[in-house]
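Heads up: the sequence shown runs through residues 50 to 484, numbered per our numbering.
Everything on this sheet refers to the single structure shown next.
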Amino acid sequence: MSKEKFDAIVVGAGMSGNAAAYTMASRGLKVLQLERGEYPGSKNVQGAILYANMLETIIPDFRDDAPLERHLIEQRFWLMDDTSHTGVHYRSDDFNEPTPNRYTIIRAQFDKWFSRKVREAGATVLCETTATELVLDGGGKVIGVRTDRAGETIHAEVVVLAEGVNGLLGTRAGFRKVPKPEAVALAVKEMHFLPEEVIGERFGLTGDQGCVIEAAGTISRGMAGLGFLYTNKESVSLGIGCLVSDFAATVESPYTLLDAFKDHPSIRPLLAGSEVKEYAAHLIPEGGYKAIPQLFGNGWVVVGDAGQLNNAVHREGSNLAMTSGRIAGEAISMIKSQGCPMAPENLSLYKAMLDKSFVVKDLKKYKDMPALLHTNSRNFFMTYPQLLSKAAQNFVRVDGTPKIEKEKATTAAFVKARSRWGLFSDAVRLALAWR
Ligand SMILES: Cc1cc2nc3c(=O)[nH]c(=O)nc-3n(C[C@H](O)[C@H](O)[C@H](O)COP(=O)(O)OP(=O)(O)OC[C@H]3O[C@@H](n4cnc5c(N)ncnc54)[C@H](O)[C@@H]3O)c2cc1C
């Protein structure tokens, strides 16, 4: 292996690495993919919602054999206080379309399937192999990687860093800084197993229809964070994540939050009688546009979570990972077909193409959102959900109080909690960050 030279080495067999390796191998490039896990997906954690469009662009007939759980027909957004949730639900029969838009998946199964496609496209995939170091020539060009297989060095014209949020190789080589604690969330997740028909009854689903709940509020104890519940065929994925900086500043632990979330009166009945079989914890990049590091250099590119390409506002990550991996693969294939070197001036094509895609456009749109939510987290994740719950209860409870007095009481509660100026400035800042 060490004598062989590849067109490209892809480090990591997650969403971004598989997309990059598949794209290059199916265009005839000689590709080696390294994965430290026992098998692709063994180390990976996701909720997990798969966004079909981005996979379809890479493998149009993926629905024929990909391990998909349920197609999503309903999305619930909940703002929670300790005893209630105020929700907006969107359910549409339009999502029972022939080629559904979103599915739930289980990454351990899905990544194995994706990796099989990568092999079938012609790439060599080596599991249980950790890339320990990037190898540079005297001019600072990356010419390969060293692995933990007896310190073996493998050479390639370009290395695609698809190593996920920790990005140790890129950090060690000085291509990016260690993400700041306020730019990453720590999420914990459990899989609760239930019979398929019980899930159908509890969520009003038939066949392989699915439902997701995204939740915010006092469940994160005033920290910037979100909870989720996704229906799979015979299990429910449940998780919660908050910023690492917030965990560090409080005495809260992710496990305590998850236990409290499971025990919330709105969640408990949905899980009743389930058997917990799997537990996982993982980081999520949440710094947004301003946290994106340099994405290409002399003989290297960065894709997916390693490049902080994650849209925390819309809870999208795997689609940005797949798209950045595909675009990097396309750019590298073009450069190779023109016989040009994998130099920064040529690899900048990747960044130029990425800038034109939804990946960078979406992250740019919400560039001020992470800072706003992270610095005002107590208002957005504690005060407002509590106020909203009180207002909703005041609205629906019929107790002989005249409606005019109820409305006055609701307004007074908001003003008392935040003052008129506080409410105005929060609304303006939110609108500006969202525009
Ligand atoms: C709890 C949770 C819920 C989420 N829910 C969703 C969701 O519902 N929808 C969504 O779109 N996104 C979701 N995400 C985000 C999504 O999981 C990521 O954006 C996506 O997995 C990023 O893909 P990636 O290929 O960049 O990184 P990863 O999937 O993390 O893959 C990186 C791979 O590189 C390997 N690796 C790392 N270092 C080395 C090395 N040195 N040598 C060899 N191999 C290496 C790892 O083992 C791993 O297989 C969620 C994330 C979490 C944590």
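Cβ atoms here follow ideal geometry from the backbone N, Cα and C, with glycine treated the same way.
Predicted model only: the values in this text are computed from it and were never measured.
request  = Classify glutamine 387 as buried or exposed, calling it buried when 16 or more other Cβ atoms lie within 10 Å of its own Cβ.
outcome  = exposed
inquiry  = On a Cα-Cα basis, can you pick out the residue from Ala330, Phe252, Met73, Pro147 that is closest to valine 285?
reply    = Phe252
key: Any non-hydrogen atom of ligand 1 within 8 angstroms of glycine 200 CB   = no
message = Under 8 angstroms: do the region 321-336 and the region 209-229 share three or more Cβ pairs, one atom per stretch?
response = yes
message = For a minimum of 3 consecutive residues, which ranges assigned as the beta strand (DSSP E) are wholly contained in the region 63-107?
response = 80-83, 98-100
request  = Along the alpha helix (DSSP H) that carries histidine 423, what are the first and last residues, could you check?
outcome  = 418-424
ask   = Should glutamate 335 and asparagine 359 be called a contact, given that it needs their Cβ atoms to be closer than 9 angstroms?
value = yes
Nearest residue (CA-CA) to tyrosine 338, options Pro228, Ile203, Leu218, Ser75 = Pro228
query = So what does arginine 195 bridge to, in DSSP terms?
reply = Glu182, Thr202
query = Is it right to say alanine 321 is buried, meaning 16 or more other beta carbons lie within 10 angstroms of its own, or is it exposed?
reply = exposed
request  = Quick one: give me the first and last residue of the beta strand (DSSP E) that arginine 467 is part of.
outcome  = Element bounds for arginine 467: not the beta strand (DSSP E) but the alpha helix (DSSP H), 452-483.
inquiry  = Between the alpha carbons of glycine 290 and glutamine 95, how many angstroms are there, rounded?
reply    = 12 angstroms
request  = Identify every run of the beta strand (DSSP E) within the region 250-282, keeping only runs that are complete inside it and at least 3 residues long; order them along the chain.
outcome  = 258-266, 274-280
task = Could you tell me if the beta carbon of serine 386 falls within a distance shorter than 8 angstroms of some heavy atom in ligand 1?
result = no
ask   = Nearest to glycine 219 by alpha carbon, out of Gly77, Val59, Asn428?
value = Val59
query = Per DSSP, which one or two residues make a beta bridge with histidine 331?
reply = Ala236
message = What does the alpha-carbon distance come out to for the pair methionine 73 and valine 352?
response = 14 angstroms
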